[in-house]
Ligand SMILES: Cc1ncc(COP(=O)(O)O)c(C=O)c1O
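Numbering (this note's numbering), first residue to last: 2 to 380.
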């Protein structure tokens, strides 16, 4: 089946026909399930562990990512925490400075407090990763394109390094979604998503996913999942499934809009830099093209002065000033004081996340309307 079809039809829909021929999965809003007899089960016992509405969603994501198994969590951060719990005190994880600020906060607080160490390098250069590996290193954690400066890391090459050194490669695939990129097919061991973003797609629910490439990882993740219980509720599972059905058309549309907007920004006199992996001059253009089917809808840009940036937030009308990304509505974010506020100042400055740096999540509105909105905001 092609990916557009997989977004609409869950892989097991023939096997688990819904009652009365219902087109969509019922919301099994139940905490527990009665057993047919002692020692018997319908396949479901308790919703912390599994629930039929959630199973349908998890199977769909596994099919889209090419994963062995997927668990759906209540948020993207819950998914990150679950993966972090695979590592023990003393273990080292190599990651990037440029990742979602919430992940940086997780690593630098709960992660390090429990004795795990993190080495941050620019993973776009293979030698940096190789040089960072030490005897305690257990994993490499990347985002590509990264949040928010859109660095592109070669997934296949990093997976090869990981395999050669017995490390796990973990990829946060939120920015491109499974529609455009499938890291497991390129050698990654674990894929994380903030399902809140493109997969759910409507800025109406939080969700997360951990996709495991093999049975061994899946077993460890499932055990922690049932033990800790970061489970996505049946209702939210339904909402995410509903969003998922239009993932392909939404991603095509946001990408089409993003390319037009990136070209508009590139030629605007008050814009000094545009970070969009769909522009051929982007340093990661070729690698991104070789490992994915698209460039997505995330753009970052810098303005000539801090005042231009502040004015833009005030003047914007259709595009909303809000955190988050990946929904049908276009959102503009000020990473320095929002998504990346907890990233140490010196790191932010090194990455260029300053008072002139803005991040735009392009939605599915009419591109001309969005460009007019930006034109007015940058006057
Ligand atoms: C790349 C990335 N990963 C993870 C997260 C965390 O996801 P959530 O907000 O669903 O907890 C975010 C949130 O913005 C993100 O951008």
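Just so it is clear, CB atoms sit at the ideal spot from N, CA and C, and this is done for glycine as well.
Owing to the predicted nature of the structure, the values given are computational and were not obtained by experimental measurement.
Judged by DSSP in its simplified three-state form, residue 204 adopts coil rather than helix or strand. Assignment of beta-bridge partners to residue 360 by DSSP yields 301 and 334. For residue 95, the enclosing beta strand (DSSP E) starts and ends at 93-96.
If you draw a straight line from the Cα of residue 249 to the Cα of residue 39, it is about 45 Å long. Residue 333 is not a Cβ neighbour of residue 311, given a cutoff of 8 Å. By the CB criterion at 8 Å, residue 232 and residue 49 fall inside the cutoff. Taken atom to atom, the span from the alpha-carbon of residue 82 to that of residue 170 is near 16 Å.
A Cβ-Cβ distance of about 6 Å is found for the pair residue 95 and residue 130, placing them in contact under the 8 Å criterion. In the three-state reduction of the DSSP assignment, residue 211 falls in the strand class. Ranked by how close their Cα comes to the Cα of residue 134, the residues 98, 93, 258 and 288 have 93 in first place.
By the neighbour-count criterion, in which a residue is buried when 16 or more other Cβ atoms sit within 10 angstroms of its Cβ, residue 42 is exposed.
Nearest C-alpha to residue 66 among 330, 350 and 3: 3. Runs of beta strand (DSSP E) with 3 or more residues, each lying fully within the stretch 204-266, are found at 209-213, listed in chain order. Look at residue 293 here: in three-state DSSP terms it is coil, with no helix or strand label. Every candidate beta strand (DSSP E) stretch fails here, since none sits fully inside the stretch 16-53 while reaching 3 residues. For ligand 1, a non-hydrogen atom lies closer than 7 Å to the CB of residue 173. Annotated three-state conformation of residue 61 is helix, per DSSP. The straight-line gap separating the alpha-carbon atoms of residue 267 and residue 301 is approximately 11 Å.
Residue 219 sits away from residue 189, with the two beta carbons spaced by 8 Å or more.
By the Cβ rule, the stretch 330-350 does not count as touching the stretch 276-285, because fewer than three pairs are nearer than 8 Å. As computed with DSSP, residue 275 is found in a beta bridge with 302. DSSP, reduced to helix, strand and coil, places residue 199 outside both helices and strands of the structure shown, so it counts as coil. Using a C-beta cut-off of 8 Å, the stretch 197-208 makes contact with the stretch 173-180, since at least three inter-stretch Cβ pairs fall below that distance. For residue 350, the enclosing alpha helix (DSSP H) covers residues 346-352. Annotated three-state conformation of residue 84 is helix, per DSSP. Remark: the C-beta of residue 77 is in contact range of ligand 1, defined as less than 7 Å to any heavy atom. Pairwise C-beta distances place the stretch 232-244 out of contact with the stretch 263-277, as fewer than three of them are shorter than 8 Å. In this structure, the alpha-carbon of residue 45 lies about 6 Å from that of residue 52.
DSSP links residue 165 through a beta bridge to no other residue. Rounded to whole angstroms, the gap between the alpha carbons of residue 16 and residue 57 is 11 Å.
For residue 119, the CB stays at least 7 Å from every heavy atom of ligand 1. Between the C-alpha atoms of residue 355 and residue 274 there is a straight-line separation of about 13 Å. Here residue 345 is exposed: its Cβ has fewer than 16 other Cβ atoms, across all protein chains shown, within 10 Å.
Setting aside the 5 residues that flank it on each side, residue 246 is surrounded in the same chain by 8 and 9, each with a C-beta closer than 7 Å to its C-beta; the list follows chain order. The continuous alpha helix (DSSP H) containing residue 133 extends over residues 127-133.
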